[in-house]
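Some notes on the structure that comes next.
In the working numbering, the protein residues as written are 2 to 99.
Here it is, written out as structure tokens:
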């Protein structure tokens, strides 16, 4: 187990953070699509970006070599997975309604 400063930005943490932000953006777009402000295209965008964020999050979690605080980005990876799945579900509901 490596010793990494709690606030150091490692490559794994950066990848996990970007994946989590992409998945968060997908959740926001899916919410707008459910509110019928983004329409059918917004639902499709939420589905694709949510899937991408979740897949990158799964990759980060699968390749992590340590737990939280080790610099492997596992917390951000789990956040990306949860947010990505939520975006896919919401985007699917919005697409069905549109």
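No residue lacks a Cβ here, since even glycine has one placed at the ideal position from N, Cα and C.
**Study point:** 9 Å Cβ cutoff met for residue 19 and residue 30
**Key:** no
**Study point:** Three-pair Cβ contact test at 8 Å for the segment 78 to 91 versus the segment 55 to 62
**Key:** yes
**Study point:** Supposed close pair residue 61, residue 77 - CB separation, criterion 8 Å
**Key:** 7 Å
**Study point:** Sequence-distant residues of its chain with Cβ nearer than 7 Å to residue 68 (five each side left out)
**Key:** 75
Review point. Rounded to whole angstroms, how far is the Cβ of residue 50 from the Cβ of residue 16, which I believe are closer than 8 Å?
Key: At roughly 16 Å, the Cβ-Cβ gap does not stay under 8 Å, so residue 50 and residue 16 are not in contact.
Review point. Can you tell which of 12, 44, 59 and 81 has its C-alpha closest to the C-alpha of residue 1?
Key: The requested residue 1 is not part of the displayed model; the chain covers only 2 to 99.
Check your understanding: From 21, 71, 81 and 32, pick the residue whose C-alpha is nearest to that of residue 94; which is it?
Key -> 32
**Study point:** residue 59 versus residue 79: straight-line alpha-carbon distance, rounded
**Key:** 7 Å
Check your understanding: Taking C-alpha atoms, which residue in 91, 81 and 97 lies nearest to residue 25?
Key -> 81
Point to revise | DSSP-derived helix/strand/coil call for residue 37 | key: coil
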